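A.B. asks: If you scroll down you'll find the structure; I have some questions about it.
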Ligand code: TYD
């Protein structure tokens, strides 16, 4: 099963992924966790290019293509083989991030960004995607708790950018049945239980087929 997690920076995805991983391992499952961009030698190199704040001269088009290039490698080298071997693959971000951040956030053509994702991910569409939603005020509050020096090139973006990214996610939620929206202001355990119950329901459905 391929499960992806999406949301604005600081929404708590990483914590939820760790909790789900522990849960699945306890049940005897084989689990791989990965982060986007990254996850393979080539994709990690692309990640460094993308997130380094020194690369301030990067154009939006370059950014979009680099995210897609990193993803294309990750899908073919890592995700598809692991899924074939029966692993649960949990990904911290995937193609929806590009639609939300590069399409809506950077105002590149949404249709083109979506088409490019089809090309990059091949047939590796997630079984389910959890969008952990938090309001912009909460992004700003959590961001303020982090030292400025530890923020990456994209995390230093302005409020308007994040507003557009969130709008992008909300519009994806309406369009895609695969995406489940969760309230990221609830407490960690509550969100975790919702995730587990959805994953279990999906598994039962898959087993019936
Ligand atoms: P990372 O530190 O992995 O993010 P997170 O805060 O989710 O742990 O950095 C990834 C950054 O790249 C994040 O700000 C979102 C952005 N991003 C895009 O703009 N487009 C994409 O396709 C992906 C995967 C990430």
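Residue numbers (the numbering used here): 508 to 716.
Glycine included, each C-beta is placed from N, C-alpha and C at the ideal position.
Since the model is a prediction, treat every value here as computed from it, not as a measurement.
Per DSSP, what kind of secondary structure is residue 561 in: helix, strand or coil?
C.D. replies: By 1-based counting over the chain shown, the position of residue 561 is 54. Coil at residue 561, not helix or strand.
A.B. asks: Excluding five sequence neighbours on each side, which residues of the same chain lie with their C-beta closer than 8 Å to the C-beta of residue 671?
C.D. replies: Reading the chain shown from its first residue, position 164 is the one you call residue 671. The answer, listed in chain order, is 611, 612, 614.
A.B. asks: Does the Cβ of residue 648 have 16 or more other Cβ atoms within 10 Å, making it buried, or fewer, making it exposed?
C.D. replies: Residue mapping note: residue 648 aligns to position 141 of the chain shown, counting from 1. Within a 10 Å sphere around the beta-carbon of residue 648 sit fewer than 16 other beta-carbons, which makes this residue exposed.
A.B. asks: Please determine, among 645, 627, 592, the residue with the shortest C-alpha to C-alpha distance to residue 581.
C.D. replies: Within the chain shown, residue 581 is the residue found at index 74, counting from 1. Here the closest residue by C-alpha is 627.
A.B. asks: Taking the C-alpha atoms as reference points, what is the distance between residue 694 and residue 520?
C.D. replies: Numbered from 1 along the chain shown, position 187 holds the residue referred to as residue 694. Numbered from 1 along the chain shown, position 13 holds the residue referred to as residue 520. Each residue's Cα considered, the two are about 13 Å apart.
A.B. asks: From 539, 635, 554, pick the residue whose C-alpha is nearest to that of residue 594; which is it?
C.D. replies: In the chain shown, residue 594 corresponds to position 87, counting from 1. Nearest option by C-alpha distance: 539.
A.B. asks: With distances taken from CA atoms, which of 684, 515, 585 is nearest residue 645?
C.D. replies: As a first step, residue 645 must be located in the chain shown, where it is residue number 138. Ranking 684, 515, 585 by Cα distance to residue 645 puts 515 first.
A.B. asks: Looking at the strands, I want to know which residues DSSP matches up with residue 520.
C.D. replies: Looking up residue 520 in the chain shown gives position 13. Answer is none; residue 520 lacks a bridge partner.
A.B. asks: If distances are taken between C-alpha atoms only, which option among 557, 535, 635, 534 comes closest to residue 659?
C.D. replies: Residue 659 sits at position 152 when you count from the first residue of the chain shown. The option with the nearest alpha carbon to residue 659 is 557.
A.B. asks: Using 8 Å for Cβ pairs, my map puts residue 624 next to residue 567. What's the rounded Cβ distance?
C.D. replies: The sequence position of residue 624 within the chain shown is 117, counting from 1. The sequence position of residue 567 within the chain shown is 60, counting from 1. Wrong, their Cβ atoms sit about 16 Å apart, outside the cutoff.
A.B. asks: Please specify which runs of the alpha helix (DSSP H), each continuous and at least 4 residues long, are wholly inside the segment 630–690, giving them in chain order.
C.D. replies: 643–652, 666–682
A.B. asks: In the DSSP assignment, what residue or residues form a beta bridge with residue 585?
C.D. replies: In the chain shown, residue 585 corresponds to position 78, counting from 1. Looking at the DSSP output, residue 585 bridges to nothing.
A.B. asks: Could you tell me whether any Cβ in chain C is nearer than 8 Å to the Cβ of residue 539?
C.D. replies: Any reference to chain C falls outside this structure, which holds one protein chain only.
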